[in-house]
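**Student:** Attaching a single structure in structure tokens format; questions to follow.
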Amino acid sequence: MSNGKQNPALQGGYLSENTAQGDFYTILITFADYDSGHIEGLWGKNHAPANPLGSSGYHRLEASNESTLTFEFDGDISFILLSKDQNYKRLSGQFHSKQSGSTTHVVFNRS
């Protein structure tokens, strides 16, 4: 686990709304470094989070309350998401599969 300053606002579980393909995704953020933006945790597809997150992080946008978040799952699936505020209750953005080349809209809600 990282030993930087924790951002507790991000820590916790997230559940996606069903994608166009009928799948759902889960994320459990166990550590979010306040200064570097590095995120650690677990993810799942159609089940509870059980797999380690790949390269993941967040960035607070200047002059606004918005933040961008990126998550990578198993080297194939990535999410680029936007939070409209720093409560991180709803994350909205794009799901991308490198293997199939498909991109679709996805929304995660804090659970």
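Read in order, the letters of the sequence shown are residues 12 to 122 in my numbering. Where is the CB? At the ideal position from N, CA and C, for every residue including glycine.
#1: Which first and last residues belong to the beta strand (DSSP E) in which ALA43 is found?
#2: Excluding the 5 residues preceding and the 5 following SER94 in the sequence, name in chain order all residues of the same chain whose CB lies nearer than 6 Å to its CB.
#3: Less than 8 Å between the beta carbons of TYR99 and LEU21, yes or no?
#4: I think GLY24 touches ASP44, with their Cβ atoms under 8 Å apart; what is that distance to the nearest whole Å?
#5: Taking the alpha-carbon positions, what's the SER122 to ALA59 distance?
#6: For the beta strand (DSSP E) that contains LYS56, what are its first and last residues?
#7: Please tell me whether GLY65 and GLY48 are closer than 8 Å, where the distance is taken between their beta carbons.
#8: By the 10 Å Cβ neighbour count, where 16 or more other Cβ atoms means buried, how is SER75 classified, buried or exposed?
#9: Kindly give me the distance between the Cβ atoms of ASN62 and ASP85, rounded to whole angstroms, as I take these residues to be in contact under 8 Å.
#10: Under the three-state reduction of DSSP, which class applies to SER47: helix, strand or coil?
#11: DSSP puts GLN105 in a beta bridge; with which residues?
**Tutor:** In terms of the structure at hand:
#1: 36–43
#2: SER78, LEU102
#3: yes
#4: Not confirmed; about 19 Å, so no contact.
#5: 12 Å
#6: 50–56
#7: no
#8: exposed
#9: 7 Å
#10: coil
#11: ILE91, HIS116
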